[in-house]
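Numbering (the UniProt record's numbering), first residue to last: 1 to 282. Here a beta-carbon is modelled for each residue, glycine too, at the ideal position from N, C-alpha and C. The model shown is predicted, which means the values in this text are computed figures rather than measured ones. One structure below.
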């Protein structure tokens, strides 16, 4: 089991392979691949065709609050608790490693990672480079479905400071205009998506900025230097946003990896922002 007080955000492929080969106890590997359309792919079918040995498929559609009108909003406590029980994940005991299969899109893994972080579940890591790197290194794959038992009940608590809401961003707009805060809102979407529409106070910092050519995460010093180049002061408060609260979670992971801190996420992001502004104008 990884020490929760010193758990690195990312685990390397060779480290995970060693854990698997050694029959590590209390290890739970999750494949959180997701595709928007059937044309892009079928995440369930792709998981069944290949996955890291012992990995379970964690469908992000069921790790969202479907009662809200915006996609991929953080699940309710009881919903996420049920997920943990279903996947035999015991907070403080189970070592969780999350990956996604798409090349250059670690955001699907980082979204689930962020949910774990928001609910204060320790010993959770992202596989650096995801399945593309694992495959490129010719590591073992399997297609056998994995089954688990169910642990006892336990309670989880949402960390309130992990999330920002529409009202918070509205207040941030006002406070910035009045010079009452120096908080920075960063938009993790592509520069193109940002150019089409964005929250007025948001600064463009695409999540791909922090990826190497092989889609692994950059080193902490590189991340800090890149943030400085983009005019981001890491000594001042930061809030991360994007389109649907997905890509911003990779920035969250990268910033934590770099020692910038636990950056809160505007969970509704651009999707909620546009919808709520439209409601205000009615």
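From 272, 17, 85, 163, residue whose alpha carbon lies closest to that of residue 130: Translated into positions along the chain shown, residue 130 becomes position 130. Nearest of 272, 17, 85, 163 to residue 130, Cα basis: 17.
Exposed unless 16 or more other CB atoms sit within 10 angstroms - verdict on residue 163: Here residue 163 refers to the residue found at position 163 when the chain shown is read from its first residue. For residue 163, the number of other beta carbons within 10 angstroms of its own is at least 16, and it is reported as buried.
Cβ-Cβ separation, residue 99 to residue 52 (assumed contact under 8 Å), whole Å: Here the question's residue 52 lines up with position 52 in the chain shown. Here the question's residue 99 lines up with position 99 in the chain shown. With a Cβ gap of about 7 Å, residue 52 and residue 99 count as contacting.
Proximity of residue 248 and residue 71 at Cβ, strictly below 8 Å: In the chain shown, the residue the question calls residue 248 occupies position 248. In the chain shown, the residue the question calls residue 71 occupies position 71. No, these two residues do not count as a Cβ contact at 8 Å.
Limits of the beta strand (DSSP E) - the one that residue 31 falls within: For this step, residue 31 is matched to residue 31 along the chain shown. Bounds of the beta strand (DSSP E) holding residue 31 are 27–31.
Contact the region 54–61 vs the region 22–30: 3+ CB pairs below 8 Å: Verdict: yes, contact present.
Classification of residue 280 by the beta-carbon crowding that lies within 10 angstroms, buried from 16 upward: For the purposes of this step, residue 280 is identified with residue 280 of the chain shown, where counting begins at 1. Burial check for residue 280: the Cβ neighbour count within 10 Å stays below 16, so the residue is exposed.
Residue 187: first and last residue of the uninterrupted beta strand (DSSP E) it sits in: Position 187 of the chain shown, counted from the start, is the residue given in the question as residue 187. Residue 187 -> beta strand (DSSP E) spans 184–187.
Contacts around residue 102, its chain only, beta-carbon distance under 6 Å, and the 5 residues preceding and following it disregarded: Within the chain shown, residue 102 is the residue found at index 102, counting from 1. So no residue of the chain qualifies.
Inter-stretch contact (C-beta, 8 Å, three-pair minimum) for the region 234–254 and the region 184–194: As far as the Cβ criterion goes, the region 234–254 touches the region 184–194, which means the pair count is three or higher.
Collapsed DSSP secondary structure at residue 120 in the structure displayed: Taking the chain shown and counting its residues from 1, the one referred to as residue 120 is at position 120. Here residue 120 sits in coil by DSSP.
Stretch pair the region 203–223 + the region 252–266: three plus CB contacts closer than 8 Å: Touching, yes, given that three or more Cβ pairs across the two stretches are closer than 8 Å.
Reduced DSSP secondary structure (H/G/I, E/B, other) of residue 80: Here the question's residue 80 lines up with position 80 in the chain shown. Residue 80 carries a helical assignment under DSSP once its states are collapsed to helix, strand and coil.
Range covered by the beta strand (DSSP E) that runs through residue 97: Start at 1 with the first residue of the chain shown, and residue 97 comes out as number 97. Where residue 97 is concerned, the enclosing beta strand (DSSP E) stretches over 95–99.
Own chain, CB closer than 7 Å to residue 10, minus 5 neighbours either side, in chain order: Within the chain shown, numbered from 1, the residue matching residue 10 stands at position 10. 125, 126, 128, 217, 257, listed in sequence order.
Buried/exposed call for residue 143, threshold 16 Cβ in 10 Å: For this step, residue 143 is matched to residue 143 along the chain shown. When all chains shown are included, residue 143 counts as exposed.
As assigned by DSSP and simplified to three states, the class of residue 238: As a working note, residue 238 is residue 238 in the chain shown. Looking at residue 238 - three-state DSSP - the assignment turns out to be strand.
Residue 134 Cβ short of 7 Å to the ligand ZN heavy atom set: The ligand ZN is not part of this structure, which contains no ligands at all.
Meets three-Cβ-pair contact criterion under 8 Å: the region 196–204 and the region 168–176: With the cut-off at 8 Å, the region 196–204 and the region 168–176 touch.
For residue 49 and residue 208, the rounded distance between their alpha carbons: Counting from 1 along the chain shown, the entry for residue 208 is found at position 208. Counting from 1 along the chain shown, the entry for residue 49 is found at position 49. The alpha-carbon atoms of residue 208 and residue 49 are separated by roughly 28 Å.
Straight-line Cα distance separating residue 181 from residue 213: Against the chain shown, residue 213 aligns to sequence position 213. Against the chain shown, residue 181 aligns to sequence position 181. The C-alpha of residue 213 lies about 36 Å from the C-alpha of residue 181.
Minimum C-alpha distance to residue 137 - residue among 117, 13, 169, 7: As a first step, residue 137 is located in the chain shown; it is residue number 137 there, counting from the start. Checked all of 117, 13, 169, 7; the closest Cα to residue 137 is 13.
Whole-Å CB distance - residue 252 paired with residue 64, under 8 Å assumed: To locate residue 252, count along the chain shown from 1; it is residue 252. To locate residue 64, count along the chain shown from 1; it is residue 64. With a contact defined as Cβ atoms closer than 8 Å, residue 252 and residue 64 miss out at about 17 Å.
Simplified DSSP state of residue 125, which is helix, strand or coil: One-based indexing of the chain shown puts residue 125 at position 125. Reduced to three states, the DSSP call for residue 125 is strand.
Burial state of residue 268, where buried means 16 or more other Cβ atoms lie within 10 Å: Your numbering for residue 268 matches position 268 in the chain shown. Residue burial is scored here from C-beta neighbours: residue 268 has at least 16 other C-beta atoms within 10 angstroms and is therefore classed as buried.
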